[in-house]
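Quick notes on the structure that follows.
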Amino acid sequence: MDDGTGLPVPLDGPPRYVAVFRRAGGDWVVAAQSPGRGPVEYAVAAMTRTVRARGQAPWAEVWGPDDEGRGWRRLRTVRGRPGPAAASGEPGQPRPSASARDERLRDRRHQVLLTALAAAGLTDLEPADTSAVTHLTEVADEDDLRRIAHWLASATASGQRAAGEQA
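Take the sequence shown: its position 92, counted from the start at 1, is 92 in full-length UniProt numbering, and no numbers get skipped.
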């Protein structure tokens with residue numbers, strides 16, 4: 001997936017949404033593919049967090065169909081700062097032990113919020129952002145977080161429509 005310049009070029013086949021990541025060695029690897037953009041953006045957010053947790057600087061690109069739906073275009077590039085090397089445990093107060101059901105529900109709320117942020121293009125979260133996400137997942141219920149996700153999706157769609165009208 002390289003055109004000789006070191007930058008990724010689209011894959012063969014029908015246009016779809018594709019996320020590619022640049023490895024430490026300089027080559028590109030496909031991290032996610034989907035007919036919808038949401039799962040690809042979520043994968044970019046998850047991979048960005050993983051790469052930063054390794055103490056590396058993430059570099060990803062999202063490709064998708066062009067306006068006619070027949071060709072490819074680069075939708076965005078994500079270049080982040082390196083994160084601190086992974087610590088042995090979570091900083092701060094230890095979380096009180098919870099039942100497996102409570103942990104599952106907390107994880108679902110966390111995933112809802114991270115997916116919404118990824119769909120809005122927020123993939124390289126600062127430590128303060130991560131704290132805010134953790135706090136919200138602890139205090140809000142899933143319905144409230146789904147409502148916040150809906151607001152983010154609506155705002156993102158409005159921004160994309162406005163950008164398309166200006167082009």
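Yeah, the Cβ is synthetic: ideal placement off N, Cα and C, and Gly gets one too.
Taking just the CA atoms, how far does His135 sit from Ala128? Near 10 Å, if we compare the C-alpha coordinates of His135 and Ala128.
If we ignore side chains and look at the alpha-carbon of each, how far apart do Glu90 and Ala46 end up? Model confidence at Glu90 stands at a pLDDT of 48, short of 50, so the residue's coordinates are unreliable; what they give is reported in the following sentence. Linking Glu90 to Ala46 through their CA atoms gives a straight-line distance of about 17 Å.
From the DSSP output, in three-state form, read off Ala31 for me. Reduced to three states, the DSSP call for Ala31 is strand.
When the Cα atoms are used, what is the spatial distance from Thr137 to Leu145? Going by the C-alpha atoms only, they are around 8 Å apart.
Report yes if the CB atom of Glu142 is closer than 7 Å to the CB atom of Arg109, and no otherwise. A Cβ-Cβ contact shorter than 7 Å links Glu142 with Arg109.
Rounding to the nearest angstrom, what Cα-Cα distance links Val29 and Leu117 in this structure? Using only the alpha carbons, I get a separation of about 23 Å.
Could you check the C-alpha separation between Gln93 and Ser158 for me, to the nearest Å? Below a pLDDT of 50, predicted positions are generally treated as unreliable, and Gln93, at 49, falls in that range; no measurement from the model is reported.
Of all the options Arg54, Pro35, Pro14 and Val62, which has the alpha carbon lying nearest to the alpha carbon of Phe21? Closest by alpha carbon: Val62.
Spatially closest choice to Val78 from Thr48, Glu103 and Arg70, by CA coordinates: Nearest to Val78 by C-alpha distance, out of Thr48, Glu103 and Arg70, is Thr48.
Name the DSSP beta bridge partners of Ala19, please? Its beta-bridge partners are Ala32 and Val62.
Note the first and the last residue of the continuous beta strand (DSSP E) segment covering Arg79. Taken as a continuous stretch (DSSP letters only), the beta strand (DSSP E) holding Arg79 covers Trp72 to Arg79.
Apply the 10 Å Cβ neighbour rule to Thr130 and answer buried if 16 or more other Cβ atoms are within range, or exposed otherwise. Thr130 comes out exposed.
Whose CA, out of Arg74, Ala57, Trp59 and Pro58, lies closest to the CA of Pro65? Selected option, being the one with the closest Cα: Arg74.
Tell me which same chain residues have a C-beta within less than 7 Å of the C-beta of Ser88, skipping the five on either side of it? Only weak support is given to the placement of Ser88: the predicted model assigns it a pLDDT of 44, under 50, and the question is left unresolved by the model.
Which of helix, strand or coil DSSP assigns to Glu142: It is helical.
Determine whether the beta carbon atoms of Ala60 and Val44 lie at a separation below 7 Å. Yes, these two residues count as a Cβ contact at 7 Å.
With distances taken from CA atoms, which of Asp12, Arg16, Arg52 and Ala24 is nearest Gly38? For Gly38, the closest of Asp12, Arg16, Arg52 and Ala24 by C-alpha to C-alpha distance is Arg16.
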